[in-house]
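First the structure, in the form of structure tokens, and then the observations on it.
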Amino acid sequence: MAERAAAARPVASLADLQALPKTELHLHLRGAIPLSFLRSRLRRRPPAAVLDAAPPGHLRLFSKHPGIRDLLEADDPAADLDRLFQYQNFEQFLAAYLFTVHFVRTIDDFRALVGGVRAGFGEQRITYAEVTVSIPEYIEQGLQLTEILEVLAEDPPGGPTVRWIVDPVRGYGPAKAEAHLEEVAARRPQTLLGVTLGGAEHLFPNRHFSRAYEIAREAGLRTTVHAGEAAGPESVWQAVRTLRVERIGHGVRAIEDPSLVRHLAERGIPLEICPTSNVRTGVYRSLAEHPARGLFEAGVQMSINTDDPTFFSTSLAEELAGLRKLGFSWPEIDGLARGASRFAFASAPAL
Ligand SMILES: [Zn+2]
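In terms of the numbering used here, the sequence shown is residues 23 to 373.
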């Protein structure tokens with residue numbers, strides 16, 4: 023009854039948003055890694071032992087993050103975990119993000135991670151989530167594709183509905199993305215609905231992945247891609263014209279090209295907007311500079327999301343409430359919170 027009452031009442035505060043059953047469409051599995059998961063792993067094995075199999079490239083990156091250096095030397099690293107999430111630039115954020123993959127060394131770790139993220143959705147009243155999973159990163163840790171897909175296929179009744187978006191990892195290049203998607207397509211669980219590409223779009227442009235997206239489409243996967251985050255409008259144009267995606271991850275830098283904004287609005291291509299992420303990774307210097315309001319007023323469809331909530335110390339309710347600082351009214355925020363399910367790749371459960 024309480025849930026139904028919260029769903030019926032228009033939101034007018036952060037507490038209302040926290041109580042409202044919500045949909046989230048853009049966040050990464052490890053971006054939502056529970057702190058309790060990291061602490062428990064750090065208590066089991068010291069970080070230096072965790073990193074014993076890390077490739078030299080990772081170790082070089084970690085050495086540039088003062089917080090990781092501190093953790094490696096700390097007497098009780100689990101108690102100093104906050105240091106991991108203090109970064110001054112995008113490279114240090116990437117280092118922190120990459121650091122966490124080394125805590126997922128077995129399929130039991132992976133299952134515990136998925137379970138922890140799922141429980142977090144329950145606590146936040148997120149009833150439907152599409153979670154991006156970068157499977158090749160876990161295969162690099164020694165996990166098997168088949169066992170990963172088995173975990174992703176698990177669909178426990180009663181809790182939040184979790185659906186998956188596969189990210190073949192842009193930085194491995196188009197040929198590996200194509201091969202990975204062929205393999206996934208051959209064994210795709212019904213819970214895996216879509217494809218995206220995260221990462222450095224300016225170094226590995228979207229237009230190089232048109233064949234990968236054809237493979238995904240042929241396998242019945244729905245399509246989104248990170249664009250207009252690290253790179254400008256050209257990357258978004260490639261997403262809509264070359265990859266022909268249904269949604270765009272971020273897409274905020276479309277604001278730099280009025281003809282692109284018109285195109286997105288006319289075609290009804292929704293953006294997965296993640297305001298805090300864009301500030302924390304340096305796309306914008308402050309929330310005040312974020313173009314969500316301009317895009318909204320131009321008629322661009324959008325959902326609001328967290329991207330990497332653990333790394334940005336945020337939650338979906340806080341992202342939505344934060345729109346007040348950008349000039350959104352409570353009724354507009356209410357509409358965005360409830361409207362996100364329209365853009366889901368599967369129909370969300372009835373609220
Ligand atoms: Zn993302």
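Note that beta-carbon positions come from the ideal geometry of N, C-alpha and C, so glycine has one too.
Inset, instruction - Report whether the distance from the Cβ of His312 to the nearest heavy atom of ligand 1 is below 7 Å. - result: no
Legend entry - Check: His48 C-beta below 7 Å from any heavy atom of ligand 1: yes
Inset, instruction - Can you tell me which of Phe121, Leu47, Leu49 puts its alpha carbon nearest to the alpha carbon of Asp74? - result: Phe121
Inset, instruction - Would you kindly report the start and end of the unbroken beta strand (DSSP E) that includes Gly221? - result: First-last for Gly221: undefined, no H or E at that position.
Legend entry - Straight-line Cα distance separating Thr336 from Arg346: 15 Å
Legend entry - Thr213 in three-state terms, based on DSSP: coil
Legend entry - Stretch-stretch touch, CB-based, cutoff 8 Å, three pairs: the region 125 to 143 with the region 97 to 110: no
Legend entry - Cβ contact check for the region 217 to 233 and the region 182 to 194: 3 or more pairs under 8 Å: yes
Legend entry - Own chain residues within Cβ distance below 6 Å of Arg360, not counting five before or after: none
Inset, instruction - With hydrogens ignored, establish whether the beta-carbon of His224 is closer than 7 Å to any heavy atom of ligand 1. - result: no
Inset, instruction - Put Ala370 into one of helix, strand or coil per three-state DSSP. - result: Per-residue confidence for Ala370 stands at a pLDDT of 45, beneath the threshold of 50, marking its modelled position as unreliable; the derived number appears in the next sentence. Residue state, collapsed to three classes: coil.
Legend entry - Complete beta strand (DSSP E) runs within the region 107 to 189 (minimum length 3 residues, chain order): 148 to 155, 183 to 188
Legend entry - Exposed unless 16 or more other CB atoms sit within 10 angstroms - verdict on Arg302: buried
Inset, instruction - Give the straight-line distance between the Cα atoms of Phe365 and Leu94, rounded to the nearest whole angstrom. - result: 42 Å
Inset, instruction - With a 10 Å radius around its C-beta and 16 neighbouring C-beta atoms as the bar for buried, classify Ala30 as buried or exposed. - result: exposed
Inset, instruction - Out of His224, Pro178, Leu51, Ala207, state which residue places its alpha-carbon closest to the alpha-carbon of Gly195. - result: His224
Legend entry - Bridge-paired residues (DSSP) for Ser232: BP columns for Ser232 are empty, so no partner.
Inset, instruction - From the DSSP output, in three-state form, read off Gly361 for me. - result: helix
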